[in-house]
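Scroll down for the structure; my scribbles are underneath it.
Protein chains: 2
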Amino acid sequence: MQTPTPRTRVIREPQRGVYDKETAYAILDEGFICHVGFVADAQPFVIPTSYGRVNDTLYIHGSAASRMLRNLDKGIAVCVTVTLLDGLVLARSIFNHSMNYRSVVVLGTAAVVTDPAEKLEALRRISEHIIPGRWVDSRLPTEKELKATSVLRLPIEEFSAKVRQGGPIDDEEDYTFPTWSGVIPLEMTAGEPVNDDRLLPGQTVPSYALRYTRKR
Amino acid sequence: MQTPTPRTRVIREPQRGVYDKETAYAILDEGFICHVGFVADAQPFVIPTSYGRVNDTLYIHGSAASRMLRNLDKGIAVCVTVTLLDGLVLARSIFNHSMNYRSVVVLGTAAVVTDPAEKLEALRRISEHIIPGRWVDSRLPTEKELKATSVLRLPIEEFSAKVRQGGPIDDEEDYTFPTWSGVIPLEMTAGEPVNDDRLLPGQTVPSYALRYTRKR
Chain F
1191 MQTPTPRTRV IREPQRGVYD KETAYAILDE GFICHVGFVA DAQPFVIPTS
1241 YGRVNDTLYI HGSAASRMLR NLDKGIAVCV TVTLLDGLVL ARSIFNHSMN
1291 YRSVVVLGTA AVVTDPAEKL EALRRISEHI IPGRWVDSRL PTEKELKATS
1341 VLRLPIEEFS AKVRQGGPID DEEDYTFPTW SGVIPLEMTA GEPVNDDRLL
1391 PGQTVPSYAL RYTRKR
Chain D
1191 MQTPTPRTRV IREPQRGVYD KETAYAILDE GFICHVGFVA DAQPFVIPTS
1241 YGRVNDTLYI HGSAASRMLR NLDKGIAVCV TVTLLDGLVL ARSIFNHSMN
1291 YRSVVVLGTA AVVTDPAEKL EALRRISEHI IPGRWVDSRL PTEKELKATS
1341 VLRLPIEEFS AKVRQGGPID DEEDYTFPTW SGVIPLEMTA GEPVNDDRLL
1391 PGQTVPSYAL RYTRKR
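Quick note, the sequences are listed as chains F and D, same order.
When we follow the numbering used here, the leftmost residue of the first sequence carries the number 1191, and every step to the right adds one.
When we follow the numbering used here, the leftmost residue of the second sequence carries the number 1191, and every step to the right adds one.
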C-alpha cells in the first residue's frame, strides 16, 4: 500500500482511489496505450503512445515524444495515464450516470534511455507487453533502427489508480422513477487477423494473433 | 482545411497529420472519452473524462477536473486528446510494427461554464453524445445537482488529427523474411446490457442500450 502524495491523492470521488501496487500494476499490464502529458512552452500536450512495464519501471515508446524530446537532456516532468473502459452506467437520474473504468496515473520525471542494450531490452519488453511472442518472430532492430527509435524510462513511484465497477447507485427517492437502469458492458475486442497482401506462401496466422486478448 | 500552428503540426510521421475539420470532427464524434492535460504547480496532469461536441465547441465533463478547477476563474491552458484504436499492425521487422489509430489533439483555453442554462444544455449534449436518447428517459438534474457538476468549454480552434490505417509497410528487403504479417483489428464492443438489481417491473432494455455502438 502506497501512501498517496498531495499530487496523486484522488480528490473527486475519493472512495474510488486505489493506492496499492497490485491493483495499479494489473491495470498497467492490461492496457498498452498510455496518454503521456508534458509541458512545452507553458502549453500542456497529451500524446497517445505504447508502453511496457518492467517491475517498477515504465518504458514508453518515444515515437510520440518528438515534440517533448526536442531539447531534452536531463529528463522531463510527465504524467502517464492509462485508462481501461469497462462500461456505461445508466442510472435513473442523469446526475448519477457514470462509467465503469480502471485508470492509473503515474507522475514523475521521464528520461531518455541512451544505453543501447537497455534500449533494445526496453523495446523487447514493450513489444512483449503488447503481443507476447511476437519479438522472436520478427526481424530484430538494426543499430541504425535503434538509433532512430527513442524510449523513455519512468520510475513508477508516485502513482494512483481509480476504479469504478458495478451497477448504478441512485438516490433512494429515485428508485421509483420509471426508466430502465443498468450497465452496458464495454470492452476492447480483437477481430479476425487480416493477412498482409505480400505474405509468403505457407505463413499462417500465429496463435498470439488469432486469439488476441488483454485479459490475463 | 485548417493550417496547423507550430504547436499542432504533426512532427513525427508527418504524412499521418490531418488538419481538416471533417476528419477531426468525425473522430471526436466517434469517441466519447478524452484525456485532458493541464498543468498545476509545473506538473502536467492527464485525466480521462467524457465530453460532447457542439459545432466548434467541446464541452468537457468537469468531474475529473477538480484538481484543475481549484483556483480557476479565468480559464486554463489545456490539451484534449481523443484516441481511437483500430488495430495492431504486425510488420516483418520490429521497427515497422505499428498501430492503426485515429487521434485528435485540441489545444486551447478551457473555461468553466457558469451560466446555468448553458451548463444544462452542455450536459444534455454530453449525455446525447455518449448515449443518444438517454437524456429524456432520465430524471433530469435539479438545481443543486447542476451546481455540484462542472462543465468546461473549449473552442475547437487549434487542433490536429493523426490517422494511420492499413497494412504493414516493411522495408523492401524484409519481404522475404519468413514470418506472418498483417493486422489484428481492434474495436470497442458493447456486451449485453445488465439490468440493475432494483429495476421496476416492466422496464425493458431500451434500444439505445441494446445495440450500443459508436459507428455512425
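Even glycine gets a Cβ: it sits at the ideal position worked out from N, Cα and C.
With DSSP as the reference, label D/R1324 as helix, strand or coil.
Secondary structure of D/R1324 (DSSP, three-state): coil.
Does DSSP classify D/A1254 as helix, strand or coil?
Only weak support is given to the placement of D/A1254: the predicted model assigns it a pLDDT of 48, under 50, and the value that follows is read from those uncertain coordinates. The answer is helix: DSSP assigns D/A1254 an H, G or I state.
Three or more C-beta pairs below 8 Å linking the region 1241-1254 of chain F and the region 1346-1356 of chain F
yes
Closest to F/F1222 by CA distance: which of F/P1322, F/G1356, F/A1230 is it?
For F/F1222, the closest C-alpha among the options F/P1322, F/G1356, F/A1230 is that of F/P1322.
Can a CB atom of chain F be found closer than 8 Å to the CB of D/Y1335?
The amino acid occupying residue 1335 of chain D in the given sequence is Glu; Tyr does not appear at that position. Yes - at least one Cβ of chain F is within 8 Å of the one on D/E1335.
Given D/G1298, which residues of its chain have a CB within under 7 Å of its CB, disregarding the five upstream and five downstream residues?
V1268, L1344, P1345, E1347, E1348
Please tell me whether F/V1279 and F/S1293 are closer than 8 Å, where the distance is taken between their beta carbons.
In this structure, F/V1279 lies away from F/S1293, with their beta-carbon atoms at least 8 Å apart.
Any C-beta of chain D under 8 Å from that of F/H1225:
yes
F/G1323: beta carbon under 7 Å from a heavy atom of the ligand ADP?
This structure simply doesn't include the ligand ADP, nor any ligand for that matter.
When burial is assigned at 16 or more other CB atoms within 10 Å of the CB, is F/A1254 buried or exposed?
Low per-residue confidence applies at F/A1254: pLDDT is 47, beneath 50, and the placement is therefore not dependable, though the value from the model is reported in the following sentence. By the neighbour-count rule (16 or more Cβ atoms within 10 Å), F/A1254 is buried.
With three or more beta-carbon pairs closer than 8 Å as the criterion, would you say the region 1311-1326 of chain D touches the region 1395-1404 of chain D?
yes
Taking only beta-carbon positions, decide if D/Q1355 is within less than 8 Å of chain F.
no
Residue environment, D/P1204, which counts as buried when at least 16 other CB atoms sit within 10 Å
Classification of D/P1204: exposed, given that the 10 Å Cβ count is below 16.
Quick check: D/R1243 and D/Y1215, are their CB atoms within less than 8 Å of each other?
yes
Can you list the residues of chain D that F/T1273 reaches, using a CB-CB cut of under 8 Å?
What F/T1273 touches in chain D: I1223, H1225, P1238.
Can you tell me whether D/A1430 is buried or exposed? The criterion is at least 16 other CB atoms within 10 Å of its CB, across all chains shown.
The question about residue 1430 of chain D has no answer, for chain D in this structure spans 1191 to 1406.
Beta-carbon separation (whole angstroms), D/I1217 vs D/A1351, contact threshold 8 Å
Rounded, the Cβ-Cβ distance is 6 Å, consistent with contact.
Can you tell me which residues form a DSSP beta bridge with F/Y1249?
Partner(s): F/G1242, F/R1343.
Is there at least one Cβ from chain F nearer than 8 Å to D/D1219's Cβ?
no
Limits of the beta strand (DSSP E) - the one that D/T1271 falls within
Residue range 1266-1280 is occupied by the beta strand (DSSP E) that includes D/T1271.
Less than 8 Å between the C-beta atoms of D/D1361 and D/N1290, yes or no?
No.
Can you round the beta-carbon distance between D/A1301 and D/L1342 to whole angstroms, since I take them to be within the 8 Å contact cut?
7 Å
At 9 Å on the CB atoms, spell out the chain F contacts of D/L1376, in chain order.
Those are M1378, T1379, A1380, G1381, Y1402, listed as they occur along chain F.
On a CA-only basis, which of F/R1329, F/F1235, F/D1276 is nearest F/E1220? Give me that one, please.
F/D1276
Cβ-Cβ distance between D/Q1393 and F/W1325 below 8 Å
no
Show which residues of chain F have a CB atom less than 9 Å away from the CB atom of D/N1385.
G1357, W1370, S1371, G1372, V1373
If you check the beta carbons only, do F/G1265 and D/V1384 fall under 8 Å apart?
no
Taking the beta carbon of D/P1368 as the centre, do at least 16 other beta carbons fall within 10 Å, making it buried, or is it exposed?
It is exposed - the Cβ of D/P1368 has fewer than 16 other Cβ atoms within 10 Å.
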